[in-house]
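Protein chains in written order, with the working numbering: chain E, 190 to 517; chain P, 3 to 361; chain W, 137 to 639. Don't be surprised by glycine CBs; every beta carbon is placed ideally from N, CA and C. Right, one structure below, let's go through it.
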Amino acid sequence: MTKKKFGSLLLIASLVTTLLFSACTTGGGTGSSGGSKGPIKVGVVNNPPSESGYREANVKDMEAVFSAANGYELKTAYSLKNDEQLQAAQGFITEGVDYLLISAAETTGWDEVLKKAKEAGIKVFLFDRMIDVDESLYEAAVVSDMSKEGDTAVEWLLSQNLDEYNVIHIQGAMGSDAQIGRTGALDAQFASGKMNKVVQQTATWDEAEAKKIVESVINSGDDFNVIYAENDGMAKGAVAALDEAGISHGINGKVVVMGFDCNKWALRELKAGNWNYDGQCSPFQAQIISDIIQGKKTVTTKKIINEEKGFDAKTLTDDDINTYGLGE
Amino acid sequence: MKDKFQKIFKGGLGQLTIPIVAILFLVGFNLIRDPSFFSIETTLNNNGNMVLAGNLISIINGASELAVLAMGMTLVTAACGGQDISVGAAAAIAGSAFVKILKSSPNITGFTVVAAFLFACVVAMLFGAFNGTLVSVFKIQPMIATLILYTCGRSIAYWINGGATPTVSSPIINAIGSFIPGVPIPTPVLIVAAVAIIFVLVFHFTSLGLFTQSVGINGSAARLNGINSTFIKLLSFIILGLCVAVAGTIGVSRLGLINHETLLLDIEMDAILAVAIGGNSLGGGKFKISGSIIGAYVIQMLTITLYAMKVPSTDVKAYKAIVIILLVVIGSPVIKSKFQKYIAKIKSNRQRVSMKGAE
Amino acid sequence: MQDTTLLQMRHINKVFPGVKALSDVDFTLRKGEIHALMGENGAGKSTLIKILTGVYGMDGGEIIVEGMNVSIHSPQDAQNKGISTVYQEITLCPNLTVAENMFIGREESTLVRHKFYEKRADEILEKLGIPARAAQQLGSCSLAVQQMVAIARAVDMECKVLILDEPTSSLDDKEVNMLFNLMRDLKKQGVGIIFVTHFLEQVYEVCDRITVLRNGELVGEYLIEDLPQVDLVAKMIGKELDELSDFGQIEEKQYDSKDIFYEAESLSSSDAMPFDFCIHKGEVNGFTGLLGSGRSESVRAIFGADKVTGGTVKIKGEDVKITKPVDAMKHGIGYLAEDRKRDGIIAELSVRENIILALQVMKGFFKPISRSEAEAFADEYIKVLNIKTASRETPVGSLSGGNQQKVILARWLLTHPDYLILDEPTRGIDVGTKLEIQKLVLKLAEDGVSVTFISSEVEEMLRTCSRLIVMRDRHVVGELKGQDLNQAQVMKTIAGGETQNEG
């Protein structure tokens with residue numbers, strides 16, 4: 190009896206998800222003009238906006254750039270699952286889009302679909318994430334270089350010329366691209382002895398966990414003067430621990446606070462002088478791809494690194510917040 | 003020494019033996035490792051308040067959400083013989099609902115905060131009622147029933163506020179999540195105490211305890227004694243819903259930020275563990291809420307101890323698992339009865355010896 | 137004679153921890169015979185069947201099939217030796233076809249040769265006269281046909297011994313007839329059938345021989361002609377008819393219809409057939425009949441323990457609705473359930489908590505009984521009923537059966553009921569406690585409480601009840617009072633037949 194119930198539940202659940210996803214694919218641009226030229230048809234396979242703040246900004250950016258006003262017809266499909274993404278890409282090829290843009294859930298399994306796209310004369314762009322396929326199968330890949338983000342941040346930190354660097358390093362989910370990239374540069378400093386590792390712990394992107402890690406360091410009485418958190422949320426968690434312990438931070442504070450992702454609220458913390466540095470992880474690849482499509486930009490190497498900034502609290506402007514900040 | 007041990011195991015503490023021994027063990031371990039581990043000091047925080055600080059405060063403060071959830075989880079476990087694995091996701095929904103109301107008003111006043119909290123309570127209770135209906139009316143296994151919300155809860159939380167991590171900053175929110183000006187004890191600790199007192203009052207002024215245990219131990223007999231077991235099970239889920247709202251509110255207020263993906267992530271497993279470590283049967287029936295609260299502090303003390311030992315981040319969960327396996331196995335009926343037999347043997351041996359002595 | 141013997145079980149012994157389930161039981165089955173295995177619950181019927189089908193091992197004795205000494209290790213093993221069982225609950229898969237059900241799990245890669253098996257299934261079904269088609273989904277057949285398919289499956293596995301365990305309990309009269317015809321056909325083909333049932337009349341309709349068990353012992357084997365129904369009941373219960381004498385007669389009281397406390401008209405529930413019933417203030421009456429006759433189901437319907445499906449109920453002359461236990465409790469009715477462990481005690485809770493439970497429910501969720509009050513109640517009833525417990529905080533599950541029963545009695549007495557239903561309150565408890573409970577029942581009646589008392593021991597009921605309602609095959613078949621209240625009359629009424637006494 191219970192087995193049966195469970196079975197029917199699963200059935201319903203899978204039905205619901207299918208419906209949700211099929212509903213998603215119909216979203217986006219619908220205005221196909223009747224002119225002889227017609228809009229450029231673009232199919233985007235992406236992760237769902239609910240994945241993260243980054244993704245939400247990424248999706249919004251795509252929708253804004255590939256809008257009907259700019260002469261595009263946009264079709265989108267969102268899923269966290271590779272096989273569903275593959276199906277969606279297949280669907281776009283059958284529908285006959287002009288360009289296929291992909292941010293893949295997994296790096297493998299894409300050969301077949303991309304070959305079919307090539308046969309059908311559809312040009313493929315990768316954004317945000319690389320795929321393990323031959324370069325000839327896509328026009329260009331517009332991606333972030335996470336280790337460069339780490340390098341930029343560490344360079345900035347070194348330029349502060351502190352007497353000594355006692356760093357609390359709060360890592361993201363172990364094994365994720367962002368964690369590996371942002372950890373690398375700092376690890377090199379620890380290895381060379383230029384910086385001193387007070388503690389290096391993962392909070393798996395969890396703000397509350399980050400607070401606990403910093404609390405535990407404060408309680409142990411170890412000295413530190415830098416907090417390097419691999420995203421904004423964890424930096425905020427760390428700062429909450431400092432506030433409760435009465436330790437000053439930010440511009441003119443005892444502890445230098447560093448975060449990543451450039452959420453608007455985080456940049457405002459910088460502006461208020463509570464934090465010192467925020468590293469960008471740009472979700473804005475759409476304009477670059479659009480420029481290539483419209484011939485405004487030529488491709489020299491297939492892997493195009495999206496230029497990313499690091500913001501110093503002392504030089505941050507309100508314009509920067511509005512241009513580069515994610516969220517509201 | 004042996005006598006004392008016997009007394010503890012023979013009855014004195016009963017159900018609470020395991021959690022109390024566990025906490026004593028952790029305290030002892032830390033004192034040997036670092037005698038100053040439990041030292042408490044006062045510091046002036048960045049808001050200009052004198053507050054208490056130290057590992058002990060971190061443990062008690064950090065375990066607040068877990069303790070609140072463990073209390074509700076105990077009730078659901080007792081009544082339904084199963085656990086709600088959606089509490090983390092539901093807390094993300096409640097937290098999002100809380101932030102939604104706060105963000106909708108131009109400036110955050112005490113009234114907005116109360117309204118936001120009440121809204122979060124209503125939302126969490128509705129989701130609790132949803133789970134409870136599946137369990138009590140449709141007789142679906144609790145873990146299976148709550149799997150639904152576990153899976154989709156954080157997506158629902160996303161729909162409420164969107165993908166970015168909205169922040170709210172207000173002295174009132176800070177007072178809830180951190181310290182009330184002039185009070186040196188972290189507010190979440192006070193909230194846990196308040197919730198515990200409410201539970202005590204509810205058990206005192208209603209028959210919730212007796213009815214829940216009756217339904218959990220022998221549903222058929224409970225029904226024939228006129229107890230509406232459907233209602234009792236549903237009620238347990240709704241009460242857990244309230245706990246979820248409180249935990250979500252604390253979680254959000256700590257940092258003034260809601261991240262629907264990480265808020266109280268994986269806390270359902272810790273809450274279930276707290277119930278188990280507290281000596282409560284996961285199969286339902288008799289329960290002690292106090293056991294679950296201690297269980298929550300055991301888990302938190304374990305985490306903080308591992309942090310303080312600077313155990314590499316990748317290994318923390320593995321160490322935690324080892325300790326928890328030990329605790330749960332020691333508390334298992336098999337080991338318990340073996341231990342009791344052993345004690346009985348020692349006793350009879352001793353009696354024999356003393357009898358011989360008398361001869 | 138020797139040739140016709142199909143199966144012999146000799147000197148079978150089986151001990152469960154603390155209970156001797158079977159001692160020295162013999163059983164013989166011949167070719168082409170339908171053999172009824174009779175006895176009350178706990179007599180050892182199902183233990184014997186389970187030993188024969190390899191579910192249990194035996195502690196002594198031997199099993200001989202067609203002259204060969206065999207040992208049976210598992211149900212599969214039994215099947216291979218030609219012993220098949222069809223249980224009360226259908227154990228087939230309703231979502232497969234009839235043919236698939238008949239052949240699944242029997243040979244390798246059965247379902248591949250679909251057509252072949254469907255053809256063979258159709259042949260068997262036709263031969264046995266079973267109204268089903270091989271390609272039909274089993275779930276679309278009636279329960280009786282499903283049961284027959286299960287039998288066909290067993291027959292096709294070349295079974296020599298077919299065991300039918302309560303096959304008729306969920307069938308209607310027409311379906312029962314169909315089943316009996318099939319049984320007679322199989323009998324002609326030389327199959328030996330062991331038939332286990334609670335329905336006495338069915339035994340006389342279809343069986344050739346009867347073996348009676350009582351308390352794990354063999355009472356005897358009889359040809360059907362030699363054992364009238366009345367004698368069968370006497371053998372099952374363990375009293376020879378001529379031995380029975382009247383004693384302890386309860387004085388017949390005259391009741392005014394004004395004094396009726398509870399009255400039901402054609403009351404029925406999901407488990408009980410419609411029946412009429414009434415009880416007066418201060419009266420003790422009882423339901424009697426063999427187990428499975430519907431006596432427990434009827435009192436459960438009064439209390440609203442099962443889903444009430446029809447009828448009207450009056451309490452003190454006023455129409456009331458009782459659809460769930462709490463309704464009955466609010467009208468002053470208490471019910472001590474038949475199965476103490478399953479429906480009575482809350483084993484892990486203390487004696488105190490068990491005693492106050494029903495009163496607490498009646499007082500309501502928001503008016504808890506204070507600790508001190510509860511302790512006083514518990515102490516009072518521990519003393520009044522002489523409950524032997526280490527303390528009032530001892531978990532009730534660790535008490536002896538008799539004391540557990542007293543705790544539940546205390547629970548209901550504490551609610552000061554007007555009407556108390558006691559279903560088998562004395563089962564499995566020692567003689568001393570039994571007497572205490574009987575005395576208590578009489579005392580309650582003196583105090584004006586109405587009591588309905590059910591016991592498997594007729595003697596006990598005669599000692600306490602002034603009126604007995606007799607049930608058979610889920611119907612009320614008689615009502616005895618006054619001079620008719622003696623064992624012989626009760627037996628006759630239970631057994632039915634020529635001396636039926638319509639109340």
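Residues that residue i bridges to, as DSSP identifies them
{"i": "Glu-468 of chain E", "result": "Here residue 468 of chain E turns out to be Gly, not Glu, going by the sequence shown. Gly-468 of chain E is bridged to E:Phe-449 and E:Gly-499."}
{"i": "Thr-44 of chain P", "result": "P:Leu-54"}
{"i": "Arg-345 of chain W", "result": "W:His-171 and W:Leu-359"}
{"i": "Gly-232 of chain E", "result": "E:Lys-264 and E:Leu-289"}
{"i": "Glu-615 of chain W", "result": "W:Ile-605"}
heavy atom of the ligand NAP below 7 Å from residue i C-beta
{"i": "Phe-140 of chain P", "result": "With respect to small molecules bound, the structure shown includes none, and the ligand NAP cannot be examined in it."}
CB contact check: residue i to chain E, cutoff 8 Å
{"i": "Tyr-299 of chain P", "result": "no"}
{"i": "Glu-263 of chain P", "result": "yes"}
{"i": "Gly-130 of chain P", "result": "no"}
{"i": "Val-53 of chain P", "result": "yes"}
{"i": "Arg-256 of chain P", "result": "yes"}
6 Å Cβ shell around residue i - same chain, five flanking residues per side excluded
{"i": "Asp-160 of chain W", "result": "His-147"}
{"i": "Thr-635 of chain W", "result": "At Thr-635 of chain W, the pLDDT of 42 sits below 50, so the modelled position is not reliable and the matter cannot be decided from this model."}
{"i": "Thr-459 of chain W", "result": "Gly-440 and Val-444"}
{"i": "Glu-572 of chain W", "result": "none"}
{"i": "Glu-295 of chain E", "result": "Asn-271"}
Interface flag, residue i vs chain P, CB-CB below 8 Å
{"i": "Met-204 of chain W", "result": "no"}
{"i": "Thr-391 of chain E", "result": "yes"}
{"i": "Glu-273 of chain E", "result": "no"}
{"i": "Glu-419 of chain E", "result": "no"}
{"i": "Asp-264 of chain E", "result": "Looking at the sequence provided, one finds Lys at residue 264 of chain E rather than Asp. Output row for Lys-264 of chain E: interface = no."}
Contact set for residue i: own chain, Cβ-Cβ below 7 Å, skip 5 residues either direction
{"i": "Val-387 of chain E", "result": "Asn-355, Val-356, Ile-357, Val-406, Asp-411 and Phe-413"}
{"i": "Val-254 of chain W", "result": "The sequence shown places Glu at residue 254 of chain W, not Val. So the list reads Ala-235, Ala-270 and Ala-271, once near-sequence residues are dropped."}
{"i": "Thr-45 of chain P", "result": "Val-53 and Ala-55"}
{"i": "Ile-170 of chain W", "result": "Met-319, Lys-323, Ile-329, Phe-331, Val-342, Cys-343 and Asp-344"}
{"i": "Lys-443 of chain E", "result": "Asn-414, Ile-436 and Ser-437"}
{"i": "Thr-219 of chain E", "result": "Only weak support exists for where Thr-219 of chain E lies, its pLDDT of 38 falling under 50; the value from the coordinates is given anyway. Same-chain partners within the cutoff: there are none."}
Short CB-CB distance (under 8 Å) between residue i and chain W
{"i": "Gln-17 of chain P", "result": "no"}
{"i": "Gly-287 of chain P", "result": "yes"}
Nonlocal neighbours in the same chain, by C-beta distance under 8 Å from residue i, ignoring five residues either side
{"i": "Ser-315 of chain P", "result": "none"}
{"i": "Ser-404 of chain W", "result": "Pro-410, Phe-411, Ala-437, Val-444, Thr-445, Gly-446 and Gly-447"}
{"i": "Ile-42 of chain P", "result": "Leu-54, Ala-55, Gly-56, Leu-58 and Ile-59"}
Ignoring anything shorter than 3 residues or poking outside the region 163 to 237 of chain W, list the beta strand (DSSP E) runs there in chain order. 170 to 174, 196 to 201, 204 to 206 and 219 to 222
Under 8 Å (Cβ pairs) to chain W, residues found in the region 202 to 234 of chain P: His-206, Phe-207, Thr-208, Ser-209, Leu-210, Leu-212, Phe-213, Gln-215, Ser-216, Ile-219, Asn-220, Ser-222, Ala-223, Ala-224, Arg-225, Leu-226, Asn-227, Gly-228, Ile-229 and Asn-230
Of all the residues that make up the region 499 to 521 of chain W, which are near chain P by a beta-carbon distance shorter than 7 Å? Phe-501, Phe-502 and Pro-504
Enumerated in chain order, which unbroken segments of the beta strand (DSSP E) with a length of 3 residues or greater are wholly contained in the region 129 to 205 of chain P? none
Name the residues in the region 440 to 459 of chain E whose C-beta lies less than 7 Å from a C-beta of chain P; which are they? Asn-452 and Trp-454
What residues in the region 332 to 362 of chain E bring their beta carbon closer than 7 Å to a beta carbon of chain P? So the close ones are Gln-360.
Whole alpha helix (DSSP H) runs in the region 248 to 282 of chain P with 4 or more residues, listed along the chain? 269 to 279
Members of the region 450 to 476 of chain W that neighbour chain P once the beta carbon cut-off is set at 7 Å: Answer set for the region 450 to 476 of chain W: Pro-461, Val-462, Met-465, Tyr-471 and Ala-473.
Kindly provide the ranges of any alpha helix (DSSP H) runs that are 4 or more residues long and lie completely inside the region 533 to 566 of chain W, ordered along the chain. 537 to 549
What residues in the region 292 to 321 of chain E have a beta carbon less than 9 Å from any beta carbon of chain P? none
Those runs of the alpha helix (DSSP H) which lie wholly inside the region 326 to 378 of chain E and span at least 4 residues: 335 to 348
By the 9 Å beta-carbon criterion, what residues does the region 168 to 183 of chain P contribute toward chain E? Cβ contacts with chain E: Pro-168, Thr-169, Ser-171, Asn-176, Gly-179, Ser-180 and Phe-181.
Which residues, taken in chain order from the region 314 to 331 of chain P, show a beta carbon closer than 9 Å to some beta carbon of chain E? Along the region 314 to 331 of chain P, going in chain order, the ones with a CB nearer than 9 Å to a CB of chain E are Pro-314, Ser-315, Thr-316 and Val-318.
Report the start-end ranges of each alpha helix (DSSP H) in the region 273 to 303 of chain W that is 4 residues or longer and not cut off at the edges. Within the region 273 to 303 of chain W, the complete alpha helix (DSSP H) runs of at least 4 residues fall at 279 to 292.
Of the residues that make up the region 31 to 45 of chain P, which ones have a beta carbon closer than 7 Å to any beta carbon in chain E? Thr-45
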